[in-house]
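A short write-up of the structure that comes next.
Numbering (full-length UniProt numbering), first residue to last: 1 to 310.
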């Protein structure tokens, strides 16, 4: 039955019941109406309106659940679908809404996969250019400065040596940026070695505690990259925003995969909205069907937990 038909039927039932009470009940209306009769009719009208409101509220209750779901759903945090309760058009509407969310999540996942794939390709290209072109040019400059410094003396030599040190530190910084853009150690030595190298590069001013299981299930290249990028973004957020002095990074084997956990002792998230970094982590987690949770850590601070299937 359509929604219009259900509402019409509910109203009709209430009116028929009221009419039957007037016809077959002991109450009659005089001309002119007496005060007692008016009070009885007013009470009957109130009862009829209340009954009508209750029946319609019950009939339209699934629409309220659907409205709440529409206002709170987040495609980056997949949850259980609404149960198609109700009759007729209401159940059909809930089923259609669930199908729409499935299509939107699939399309978002596909679009995010293409965007992140293009992003990784661009990272590799930029890292390669930094290493091959800028790095080689700075190396040539460094050698030229050394050659000139060896032939100079006095204050000029000191200035050239200082320029050498500046060039050398710039070259080291460019190499560090290139490694962050394209984690070659991940491809060459594996996930654990890449995470250890990452903590060494990022942990400025932090005491980093590491814990890695010896026997971890093998992961495909895309999943390893997701785990690495989530750890990288989590450590970066800790350094920039957490005001923490200690962080614990662990990678554990689980019956169905691995669990990455990053916990700091900083000031926590508070009431701040999720930034682009956390939303980026969620998008990456969805690419490999992983579960990501970002929230307060026991005892204070922030905890990032990523569970992926092997």
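Glycine residues also receive a C-beta, built at the ideal position from the N, C-alpha and C atoms.
Residue i, DSSP secondary structure in three states
i	result
residue 192	helix
residue 132	helix
residue 264	strand
residue 137	helix
residue 65	helix
residue 51	helix
residue 81	coil
residue 243	coil
residue 272	coil
residue 300	coil
residue 205	coil
residue 197	helix
Continuous alpha helix (DSSP H) stretch holding residue i: start and end
i	result
residue 159	155–181
residue 119	89–129
residue 222	221–237
residue 283	276–287
Limits of the beta strand (DSSP E) - the one that residue i falls within
i	result
residue 74	Here residue 74 belongs to no beta strand (DSSP E), and DSSP marks it neither H nor E.
residue 34	It is not in any beta strand (DSSP E) - residue 34 carries neither H nor E in the DSSP assignment.
residue 248	246–254
residue 296	291–296
residue 151	Neither: residue 151 is in no beta strand (DSSP E) and is coded neither H nor E.
According to DSSP, residues forming a beta bridge with residue i
i	result
residue 305	261 and 293
residue 211	250
At least 3 beta-carbon pairs within less than 8 Å: the region 122–130 vs the region 101–111: no
The region 268–283 in contact with the region 243–259 per 3-pair CB rule at 8 Å: no
Inter-stretch contact at 8 Å, needing at least 3 Cβ pairs: the region 216–223 / the region 234–249: no
Contact the region 8–25 vs the region 43–61: 3+ CB pairs below 8 Å: yes
Meets three-Cβ-pair contact criterion under 8 Å: the region 131–146 and the region 170–187: yes
Any 3 or more C-beta pairs closer than 8 Å across the region 204–215 and the region 150–163: no
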